[in-house]
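Asks: In my numbering, the protein residues as written are 27 to 1015.
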Amino acid sequence: MDPGMLDIDYIICSLFLITFFQIQISQVVGRIIYCNEPTMITDVYQFCKTSREKHTANMMLIRYFLDKRDYMTALEILDNNSVEEIMDCSEDLIQNAKLFDEMGLLLRNEPYIEIISCLKSRLRNSKRPGNRTFISLADNLQVCSQIRSRFYTKLKVSDLELPKKRQDLITTLLYSLSRDVSDESISPTEAVDSCKRIATLLNESKELTMIKFCKILSNNLKTFIECANYINHNENDAKSLCLMATLILKSTCPTANQDDTLDTTSYVNEAAQESTANVKDEIKCLKIAQKLTTKAILRARLDELLPCVEVFNWTMANFYMIRNTNAIEKDLFVETYLPEFSEPSTSSLHCLKDIINTYISYCEFTNRIHQLPMMIQHLCLGGQSLTAFKVVLTLKHSLRHFKNIDSSVMQILNTIVKQCTKQLLQKVCSVNRIDTELTYWLLISCGRNESIVFINHQLSIFKREISKFKALAELALRILNNYKITASKKFYMEMIQVSNWWIRIPECQIPMKTFFVSSKEQLLESLIHHHHVDLEMIQAFCKDFNFNVQCYYQIYLKKNLLNWKPEYDKVEAVNGNINIHFKTSESELLERCTEVVKLMEAKESVYLFINNLRHEANYYHYEVFSTIFTLLTKLNKNKDHRRNLLLLQFLKTYRRISKPSDSEMEEWYTLFPDSQTIDPLSNWRMPFTPTLFSSDIWKIIRPELNLQTYKIWFEVIPTLDNILNKNEICSYVIKKIVSSGILQKHTCDPCVLYPIHDHLFELIDKCVQNMTNLEMATSAVYQLVMHTPKGADQVNAAKLCLKYAIQYKESGQENDPALLKAFIKVQKKYQSFAATHILHICQIDVEKYSNILLEPNELIDALYTDESIIERADRVLLNCPDINKAVDQLGILFNIDIHKARLTLLESLLSELSSLTTENDMNSANIKRAAYICRSEDTTDWQKYLLKVGLGESGKSTYYKANALSCFIIISDVLTIEESTETSFDEFR
């Protein structure tokens, strides 16, 4: 057998076996995937013996996980192979995606589109030939999917393979987009974004795509504006720029009479059609078209320059044919001199054509020239006065070249020129801005007298329109210069200068009539008064009108100082008080005034001038006074103003507590008679007046002094050392307490038993401690004592007075009789008030002992003879006076050895007993008084004393001892008696 036949049979057999095993492995893998065990992937690869079997298994596993949207697992299976296998699988997956796309199985195709970017990245990492084909196919699949999802169009990947199909697709998408714009289902910005998206997806130029879109789009100026702006910022090709400008003009121009195709050599081949769009959008479009054509000229090559200039001229021509309907547009299109609401019309073009025909026919039929006035009239009625004037002048100058011209023809032309000149002058002056050059030459053609008359008439008409008024005055000046007339030049020059100053001050508070009519000196003063000018402007004004600037420096400085007002906010404090927070500081005022003073000459007169200003300034504006004194110090260092500055510094930090007094308000209205109310700062600030430096300062500060504020005023004493001192301040504070009535009684009781104003007296004591004049301190407190209601508070006041009386005594001469007399007076007052209060506290009748209050020994004896003691002992009174307590306190008050006094009195009482004959003698009055005395101090000591006297060898009489033992029994209980005597109570008795 032929060996070649054996090889063929072997190959056929091998292919059969491969196909057989391929079918077998597919079935096995499919069965394993169907079972979906956790070890599914490992089980599949155990059956793969060859690379082809493994490829089949890989593809089946990847498809399985893609269908489940498990993209991570699918890509992991793909990457767990060799580079060649990864390339093979990626290519097969892309082919599968294409197959699904062509069959329209879009849902089956979605998983493949999701991982197609990953497949592309793996293909790019390989150098296998033919990869670019699959990468391109993958790109097309992605683009096809995105276009379908974004634009809802039926599209297959095969539609993107050929360039012509791509262009057809772009056109289709742009038409669909234009319909969305026309339906207003998307905004212009969204339309531009969609154009850019289409260009990006289909790999086209964004700018050319937008131009094609604008060509399809009809009369949507807002979208045109968005597209044109994008192209203007991103495109540099001259042809593209001009194409876009031409498309804009097609949408905005008023007429159309050319072909609808775009020529590559001449970009402007369509006239504009009448626009129905909004005028503002038309203006925006034409402005953008102007920018586009300007940029095209700058970027154009030499061979492109002429077409670009043609488009530019066409753009400008159409720009000035836009209707003029409002003030802003009239400002923009002043060159047209159109009356309000007029529109360019074809009648103007017909008139121009007729005039040209007239000129041409003159060569044959001279009588046609008589129809020219009617033609010019029609042209003027169409709003084309400037065009009519220029045409007539051109016609006149052209006809002069003819020989033997009829004089009547020239006369007609001259008449027409004169009429056109008058009409054009009226038109030029009626617009918002006057074309001064055109108006000047028109006036020159009218002659000297007529031009001056015309200008003066227009000045009277437009006296409230400053821009026109100024322009007409400048024209008058030019006319006078042309004819070398000097008579009225100063008049018009001042008009121009005043107009310039009115324009320079946009929000002038001076009425317009006053501004122009008042003298220039008064005007400058008014401008300074209203703060409309600064130093530079004052200098300029004086230079314009030839004034002495030094005089106005003084006025400016005066107004800055006297008219300065601080800015502040009101802030409510925690305690409810309203405080102020200043937003302005004096540094700005000082800097401004210093700048003026530096420019002023004759410093001595400047010093006097500024010094006089302080008498006119608002005395609540401390910053103004600080500035004045700082300037005075700089001008003359020999003059010392530190005292004023220190006082101002103190007043700035002080917060007023009183309202302005009547004298203060009277002084205010005397200084400022035109003011309706006093300055609101008076609620927080003290007036800075010369009174502060005189003995009348008390008129101002007296209401400010109290126990809380007096220390604050100590700070200003060094500044006003010859006027204020601590003694007077503190003395007045004490007197103010007396006059305020705060110490008046709050009850109807004749004597207040317990102190009410302890804290107040503590504050008073602290205040008086600042006084160095002890005589004044004692006198102030003594006055306080005399106006304090009887009782505990009066005792405290008297005690405080005695404290300073003692200091006063110790500080003076010991033998000074007046000093000693004053001390004794205070001491006795204190002792009298204190003794009275003690008796009141102890419920003792004060009137009964009033004559002996200052005789302590006699008072004590009298107290122990009081009948209340007997009544207490007899249980007649339940609420008895506490005489023992009163005696204890009196002993402290008068510095008496009260124990000794009681002992003496006790001995006297015990000695006065005459007998013990009956039991009733134990209840005798003296025994009861003696027993009451023994209940004072420590009763145990008295018990020991009585027992010792009664039982011991004291040398006392038997009667005395018996009385002592009787008294002992009265003050002792049974237990004490038995313990002390060591006998029973019955035996002891």
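Yeah, the Cβ is synthetic: ideal placement off N, Cα and C, and Gly gets one too.
Beta-carbon within less than 8 Å of residue 919's beta-carbon, same chain only, minus the 5 sequence neighbours each way: which residues are those?
Replies: Within the sequence shown, residue 919 is the residue found at index 893, counting from 1. Cβ within range, chain order: 857, 860, 861, 864 and 882.
Asks: Can you give the Cα-Cα distance for residue 718 and residue 751, rounded to whole angstroms?
Replies: In the sequence shown, counting from the first residue as 1, residue 718 sits at position 692. In the sequence shown, counting from the first residue as 1, residue 751 sits at position 725. Roughly 14 Å between the two C-alpha positions.
Asks: Buried or exposed for residue 233, please, with buried defined as at least 16 other CB atoms from any protein chain shown within 10 angstroms of its CB.
Replies: The residue given as residue 233 occupies position 207 in the sequence shown. Buried, by the Cβ-count rule.
Asks: In whole angstroms, what is the alpha-carbon distance linking residue 948 and residue 989?
Replies: For the purposes of this step, residue 948 is identified with residue 922 of the sequence shown, where counting begins at 1. For the purposes of this step, residue 989 is identified with residue 963 of the sequence shown, where counting begins at 1. Because the pLDDT at residue 948 is just 42, under 50, the model does not fix this residue reliably, and the point stays unresolved.
Asks: Taking DSSP as the reference, what is the three-state secondary structure of residue 362?
Replies: Locating residue 362 in the sequence shown gives position 336, counting from the first residue. Any answer about residue 362 is weak, because its pLDDT of 43 lies below 50 and its placement is not dependable; what the coordinates show is given next. Residue 362: helix per DSSP, three-state reduction.
Asks: DSSP three-state label for residue 594, please.
Replies: The residue labelled residue 594 in the question sits at position 568 within the sequence shown. Note: residue 594 maps to strand in three-state DSSP.
Asks: Give a yes or no on contact between the region 491-506 and the region 515-523, applying the rule of three or more CB pairs nearer than 8 Å.
Replies: With a cut-off of 8 Å, the region 515-523 and the region 491-506 count as touching, because enough Cβ pairs lie within range.
Asks: In the DSSP assignment, what are the bridge partners of residue 607?
Replies: On the sequence shown, residue 607 is found 581 positions in, with the first residue counted as 1. 595, per the DSSP bridge assignment.
Asks: Just to confirm the assignment, what range does the alpha helix (DSSP H) spanning residue 741 have?
Replies: Start at 1 with the first residue of the sequence shown, and residue 741 comes out as number 715. That residue, residue 741, is in no alpha helix (DSSP H); it is neither H nor E in DSSP.
Asks: Between residue 572 and the rest of its own chain, which residues show a CB-CB distance below 6 Å, the 5 nearest in sequence each way excluded?
Replies: Position 546 of the sequence shown, counted from the first residue, corresponds to residue 572. Counting only Cβ-Cβ distances below 6 Å, and skipping sequence neighbours, we find nothing.
Asks: Would DSSP call residue 488 helix, strand or coil?
Replies: Position 462 of the sequence shown holds residue 488. In the structure shown, residue 488 sits in coil (DSSP, three-state: anything other than H, G, I, E or B).
Asks: Can you give me the Cβ contacts of residue 391 inside the same chain, cut-off strictly under 7 Å, excluding the 5 residues immediately before and after it?
Replies: Working through the sequence shown from its first residue, we reach residue 391 at position 365. Per-residue confidence for residue 391 stands at a pLDDT of 45, beneath the threshold of 50, marking its modelled position as unreliable; no derived number is given.
Asks: Cβ atoms of residue 800 and residue 758: under 7 Å apart, would you say?
Replies: Walking along the sequence shown from the start, residue 758 turns up at place 732. Walking along the sequence shown from the start, residue 800 turns up at place 774. Result no, Cβ atoms of residue 758 and residue 800 do not sit closer than 7 Å.
Asks: Taking residue 755 and residue 736 to be in contact with their CB atoms under 8 Å, please state how far apart those CB atoms are, rounded to whole angstroms.
Replies: The residue given as residue 755 occupies position 729 in the sequence shown. The residue given as residue 736 occupies position 710 in the sequence shown. Between residue 736 and residue 755 the Cβ distance is about 5 Å, and since that is below 8 Å, they are a contact.
Asks: Who are the near neighbours of residue 653 in its chain, counting only those whose CB is closer than 7 Å to its CB and skipping five residues on each side?
Replies: For the purposes of this step, residue 653 is taken as the residue at position 627 of the sequence shown. Answer for residue 653: 587, 612, 615, 616 and 619, listed in chain order.
Asks: With respect to the alpha helix (DSSP H) encompassing residue 890, which residues constitute its N-terminal and C-terminal limits?
Replies: Here residue 890 refers to the residue found at position 864 when the sequence shown is read from its first residue. Per DSSP, residue 890 belongs to the alpha helix (DSSP H) from 882-890.
Asks: Please state the DSSP three-state secondary structure of residue 293.
Replies: For the purposes of this step, residue 293 is taken as the residue at position 267 of the sequence shown. Bear in mind that a pLDDT of 36 at residue 293, under 50, signals an unreliable position, so the number given afterwards is only what the model happens to contain. In the structure shown, residue 293 sits in coil (DSSP, three-state: anything other than H, G, I, E or B).
Asks: Considering only residues of the same chain and omitting the five flanking positions on each side of residue 1005, which have a CB-CB separation below 6 Å?
Replies: For the purposes of this step, residue 1005 is taken as the residue at position 979 of the sequence shown. The answer is none, since no qualifying residue turns up.
Asks: Quick check: the Cα distance between residue 743 and residue 707, rounded to an integer number of angstroms?
Replies: Taking the sequence shown and counting its residues from 1, one reaches residue 743 at position 717. Taking the sequence shown and counting its residues from 1, one reaches residue 707 at position 681. Roughly 24 Å between the two C-alpha positions.
Asks: I'd like to know if the region 840-852 and the region 869-888 are in contact, where contact means that at least 3 CB-CB pairs between them fall below 8 Å.
Replies: Cβ pair count under 8 Å is below three, so no.
Asks: I need the DSSP call for residue 623, collapsed to helix, strand or coil.
Replies: Mapped onto the sequence shown, residue 623 falls at position 597. The answer is helix: DSSP assigns residue 623 an H, G or I state.
Asks: Can the beta-carbon of residue 240 be found less than 7 Å from the beta-carbon of residue 253?
Replies: For the purposes of this step, residue 240 is taken as residue 214 along the sequence shown, with counting starting at 1. For the purposes of this step, residue 253 is taken as residue 227 along the sequence shown, with counting starting at 1. Closer than 7 Å, so yes.
Asks: For residue 1010, count the other beta carbons within 10 Å of its own beta carbon; 16 or more makes it buried, fewer makes it exposed. Which is it?
Replies: For the purposes of this step, residue 1010 is taken as residue 984 along the sequence shown, with counting starting at 1. Flag for residue 1010 reads exposed.
Asks: Using CA atoms only, rank isn't needed, just tell me which of 894, 954 and 649 is closest to residue 593.
Replies: Within the sequence shown, the letter at position 567 stands for residue 593. The candidate whose alpha carbon is nearest that of residue 593 is 649.
Asks: Looking at C-alpha atoms only, which residue of 550, 507, 511 and 930 is the closest neighbour of residue 528?
Replies: In the sequence shown, the residue the question calls residue 528 occupies position 502. Ranking the options by Cα distance to residue 528, first place goes to 550.
Asks: Roughly how many angstroms lie between the CA atoms of residue 973 and residue 924, to the nearest whole one?
Replies: Residue 973 sits at position 947 when you count from the first residue of the sequence shown. Residue 924 sits at position 898 when you count from the first residue of the sequence shown. Computed Cα separation, rounded: 21 Å.
Asks: Please report the Cβ distance between residue 906 and residue 897, rounded to the nearest whole angstrom; I am assuming they are in contact, meaning their Cβ atoms lie under 8 Å.
Replies: For the purposes of this step, residue 906 is taken as residue 880 along the sequence shown, with counting starting at 1. For the purposes of this step, residue 897 is taken as residue 871 along the sequence shown, with counting starting at 1. Rounded, the Cβ-Cβ distance is 7 Å, consistent with contact.
Asks: Going by C-alpha to C-alpha distance, which of 523, 556 and 522 sits closest to residue 537?
Replies: Residue numbering aside, residue 537 sits at position 511 when the sequence shown is read from its first letter. Of the listed residues, the one whose Cα sits closest to residue 537 is 556.
Asks: Under three-state DSSP, which class holds residue 1000?
Replies: Along the sequence shown, read from residue 1 onward, the residue named residue 1000 stands at position 974. Three-state result, residue 1000: helix.
Asks: On the CB-based measure, 16 or more other CB atoms within 10 Å of its CB, does residue 819 come out buried or exposed?
Replies: Your numbering for residue 819 matches position 793 in the sequence shown. So residue 819 ends up on the buried side.
Asks: Could you say if the region 925-935 and the region 953-972 meet the contact criterion of at least three C-beta pairs nearer than 8 Å?
Replies: Counting Cβ pairs under 8 Å, three or more are found: they touch.
Asks: Taking only three categories from DSSP, how would you classify residue 976?
Replies: The sequence position of residue 976 within the sequence shown is 950, counting from 1. Looking at residue 976 - three-state DSSP - the assignment turns out to be helix.
Asks: If you measure between the beta carbons of residue 710 and residue 606, is that distance less than 7 Å?
Replies: Counting from one through the sequence shown, the residue named residue 710 turns up at place 684. Counting from one through the sequence shown, the residue named residue 606 turns up at place 580. Contact: yes.
Asks: Could you check where the alpha helix (DSSP H) with residue 650 kicks off and where it finishes?
Replies: What you label residue 650 is simply residue 624 of the sequence shown in a count that begins at 1. From DSSP, the alpha helix (DSSP H) with residue 650 extends over 648-661.
Asks: Assuming residue 92 and residue 103 form a contact by the criterion Cβ under 8 Å, report the distance between their Cβ atoms to the nearest whole angstrom.
Replies: The count along the sequence shown starts at 1 and reaches residue 92 at position 66. The count along the sequence shown starts at 1 and reaches residue 103 at position 77. Actually they are not in contact, since the Cβ atoms of residue 92 and residue 103 sit about 10 Å apart, beyond 8 Å.
Asks: Distance, Cα to Cα, residue 584 vs residue 467?
Replies: Taking the sequence shown and counting its residues from 1, one reaches residue 584 at position 558. Taking the sequence shown and counting its residues from 1, one reaches residue 467 at position 441. Rounded to the nearest angstrom, the two C-alpha atoms are 49 Å apart.
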